[in-house]
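So the sequence shown is numbered by our numbering: it starts at 202 and just counts up by one.
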Amino acid sequence: MSQLQRDSLSLATVLPKRMLASFVLGMCALLPYLHTLGYGFINYDDPATILELPLIRELSLAALPRFFAPDVYAHLPEYMPLKNLSYALDYALFGLHAPGYRMQQLGWFMLSVLATHAWLRRLLDHKAKLVPGALPSGKAHALAFAASLLFAFHPVHVESVTWLSGRKDVLAGPFMAAALYAALRYSIAKSSGAHVHLRFALACAVSTSLALLSKPTALTLPALLLLQEWFIVPPRESAWLHLRARLACHVPVLLLCAGFATLYANVTRVFAQIGNLHDDFTGPVWLRLGQQLLANLRLSFLPTEIVPIYPAYSFETQPSTATGAAAAATLALCALILLLGLWRRNLAGFALCFFCFALLPSLVRPVWGQFVAGRYLFHAVLGPCLLVAWSLMQLADKALAARSLGNVAIFVIAVMWAALTGVYAACFRDSATLWAYAASVHPEWPVFYDLGARDALVRGDVQRAGTILERCVARNPRAGICKGPLGGLTLLSDPQRGEQLLREALAEDEQGTAHLRLAQHLAHTGRASEGLSLYERFLTGRGTSPAQVVAITELALAAGELDKARGYVRQIVRAAALTQPASPPPAAAVTVLVARMQDHALLERVHDASQRCARSDCFARALGW
């Protein structure tokens, strides 16, 4: 039999098995989420990122460059053009019908699982050929399938798959896996001495670009690519020579990541708005890192009690004996395993290194003060999944009596995780269900009650909102985030208690809602000067929004402080001219405020300026402001 015939026979034998494995994985990835197709949007980022985003309503060939233009994202918290483009496609096809968005989200998740499996299968197969005995005998493909199955079923993916604002994770997933796969193919071709086609290097660079356009966490790709190269260095080959021979593939990726990092920092506010560690965590850095790693490892290996938000204040800032010891032990153990794994280039070290490297963005700069979140683990959790599958297969390979036990254990874990995934995904049915579930898991965290009450108020159910907030205050008497809204609701039925609740909420009122509500209440009860002083103290030293300036102007009018009111009106006009000079002037709001001053001369000037000016800067110049 010729070599060509043997290759054809081998391909005919292997290809159906691979297709079957891919089909099974794809179906398994979808199975726990099929019941979520009829679910709607929730009040956690969905309104801002989808429902109220004008950009997604502009899909056309002419408008396509706008999705990638840096200036468009100057007032958005993140530069993720592909994510917004995918939303625009959903809007063009389905409007604001949520099931259409969910179908695309599930499709991207399935692609993430399949791409991860294809890369992992190739990687483990190559490792088994390089180092005989590095993997359970003849189990490279089975190990890749088992790890990918656990990855598909892992409950931490629920947030990224079921939460529509989590599109960025499932979108970046296949591109990151494709970049790793292309770099691996390039490296294998180099090692075999075969002609290396630059198509692999080009595919790696293109995949990296698409991943970076999907989510900034793709900046970890250089570290992951270097980890992969280190893992597959042949035993007798110099690691430096191995890496140097592959610069043609890795240097473009590094340059792309450096360019995108600069873009993220200069064009968007993503780095300016995240991780204010001095506000959220005042303890030592090692304590925070230890608690983060411990919490993420717990979620990876024991995925229970998962919620959408893990507030920063759940971490201890001052190391108690137990917490300090646990954090220090976690850091020491991870460091030891990492060093041993890197030194020996074994699979356990690779899995843990992959976990830590993929988790780096959230470890270095936690987003919005959240140190832990399921979406942070979307890529990183592959490491623990691989470690669990490898450990059980290794046990079965070493002990003949446990040969079937390892496979059974993997199957049982997969079924348990799939069940947990299905149950948790059902909580995303609507906002009320999600926040009720989260509050039942962590009743001490008031943010869940606050979000549940906001959903009730949007739906017009004031009674339910009050009940939720009362439950929050009873559970946590110091929860200012709930006392403020509850005080506002209570003012009508019990003004004295409502005022007391608002005053107790002032210390934690970062947005100024409680300050404004209390100031307005004081103005309505004949204490306008006190209300004005209260709100002025809050605004001092802060950036003020137009709505806040209008509010304090109204308070000044109620207190009879006409000079202050005129100054605030000028501030409204000047701010509009500076921030958005080409936009229509705030003539209507200014007219109403000036009319309340009963300053007829100024009112005439405002009216005349509004008639002559269609721009904010013109309006300001016409008034001399």
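C-beta: ideal position from N, C-alpha, C; glycine also.
Since this is a predicted model, take the numbers as computed values, not measurements.
{"query": "What distance in whole Å lies between the Cβ atoms of Asn-677 and Glu-700, which are believed to be in contact at a cut-off of 8 Å?", "result": "Contact flag wrong, Cβ pair sits at about 20 Å."}
{"query": "To the nearest angstrom, how far is the alpha carbon of Ala-620 from that of Ile-614?", "result": "10 Å"}
{"query": "Check each candidate in Pro-333, Arg-368 and Gln-712 and name the one with the smallest Cα separation from Phe-579.", "result": "Arg-368"}
{"query": "If distances are taken between C-alpha atoms only, which option among His-327, Arg-665 and Gly-542 comes closest to Pro-435?", "result": "His-327"}
{"query": "Mark Leu-283 as exposed unless 16 or more other C-beta atoms lie within 10 angstroms of its C-beta, in which case mark it buried.", "result": "buried"}
{"query": "Would you identify the three-state DSSP class for Tyr-511, choosing helix, strand or coil?", "result": "strand"}
{"query": "How long is the line joining the alpha carbons of Cys-683 and Phe-502, rounded to whole angstroms?", "result": "34 Å"}
{"query": "Are Asp-651 and Pro-686 touching if we call contact CB-CB under 8 Å?", "result": "yes"}
{"query": "So Leu-325 and Ala-341 are supposed to be a Cβ contact under 8 Å. How far apart are they, rounded?", "result": "4 Å"}
{"query": "Please tell me whether Leu-740 and Ala-760 are closer than 8 Å, where the distance is taken between their beta carbons.", "result": "no"}
{"query": "Quick one: grab the DSSP three-state call for Val-434.", "result": "coil"}
{"query": "Just checking my contact of Cys-535 with Leu-553 at CB under 8 Å: how many whole Å lie between their CB atoms?", "result": "7 Å"}
{"query": "From the DSSP output, in three-state form, read off Ala-327 for me.", "result": "Correcting the residue identity first, residue 327 is His in this sequence and not Ala. Three-state DSSP puts His-327 in a helix."}
{"query": "If you draw a straight line from the C-alpha of Leu-336 to the C-alpha of Leu-381, how long is it?", "result": "20 Å"}
{"query": "Which whole-angstrom value describes the C-beta separation of Phe-556 and Leu-428, a residue pair presumed to lie in contact below a C-beta threshold of 8 Å?", "result": "Not quite, the Cβ-Cβ distance comes to about 11 Å (not below 8 Å), so this is no contact."}
{"query": "Note down, in chain order, each residue of its chain lying with its Cβ closer than 7 Å to the Cβ of Glu-709, except the 5 sequence neighbours on either side.", "result": "Gly-681 and Ile-682"}
{"query": "Taking the straight line between their C-alpha atoms, what separation do you get for Ala-419 and His-398?", "result": "25 Å"}
{"query": "With distance defined between alpha-carbon atoms, name the residue in Leu-735, Asp-800, Asn-244 and Leu-226 nearest to Ala-657.", "result": "Asn-244"}
{"query": "Just how far apart, CA to CA, sit Ile-433 and Leu-331?", "result": "8 Å"}
{"query": "What is the DSSP secondary structure of Gly-476, counted as helix, strand or coil?", "result": "At Gly-476 the pLDDT is 38, less than 50, meaning the model places this residue with poor confidence and gives no usable figure here."}
{"query": "With DSSP run on the structure shown, which of helix, strand or coil describes Glu-253?", "result": "coil"}
{"query": "Identify the continuous alpha helix (DSSP H) that holds Phe-354 and give its terminal residues.", "result": "341 to 354"}
{"query": "Does DSSP classify Val-471 as helix, strand or coil?", "result": "Model confidence at Val-471 stands at a pLDDT of 43, short of 50, so the residue's coordinates are unreliable and nothing is read from them."}
{"query": "Could you name the residues of the same chain whose beta carbon sits closer than 6 Å to that of Ala-329, not counting the 5 residues immediately before and after it, in chain order?", "result": "Leu-336 and Ala-341"}
{"query": "Considering Cα atoms alone, identify which of Pro-647, Ser-563, Gly-584 and Leu-312 is closest to Leu-670.", "result": "Pro-647"}
{"query": "Taking C-beta to C-beta, are Ile-773 and Pro-782 nearer than 8 Å?", "result": "no"}
{"query": "Please state the DSSP three-state secondary structure of Trp-487.", "result": "helix"}
{"query": "What do you reckon, are the CB atoms on Tyr-511 and Ala-581 nearer than 8 Å?", "result": "no"}
{"query": "Using the three-state DSSP reduction, which class does Arg-219 fall into: helix, strand or coil?", "result": "helix"}
{"query": "Quick check on this structure: which residue in Gly-688, Gly-744 and Thr-691 has the alpha carbon closest to the alpha carbon of Gln-712?", "result": "Gly-744"}
{"query": "The alpha helix (DSSP H) with Glu-700 in it runs from where to where?", "result": "696 to 706"}
{"query": "Less than 8 Å between the C-beta atoms of Ala-449 and Ser-415, yes or no?", "result": "no"}
{"query": "Taking 8 Å as the cut-off, does the stretch 398 to 410 touch the stretch 346 to 366 (at least 3 CB pairs, one atom from each stretch)?", "result": "no"}
{"query": "Between Ile-257 and Ala-289, is the Cβ-Cβ spacing less than 8 Å?", "result": "yes"}
{"query": "Report yes or no: do the stretch 303 to 315 and the stretch 356 to 371 share at least 3 C-beta pairs separated by less than 8 Å?", "result": "yes"}
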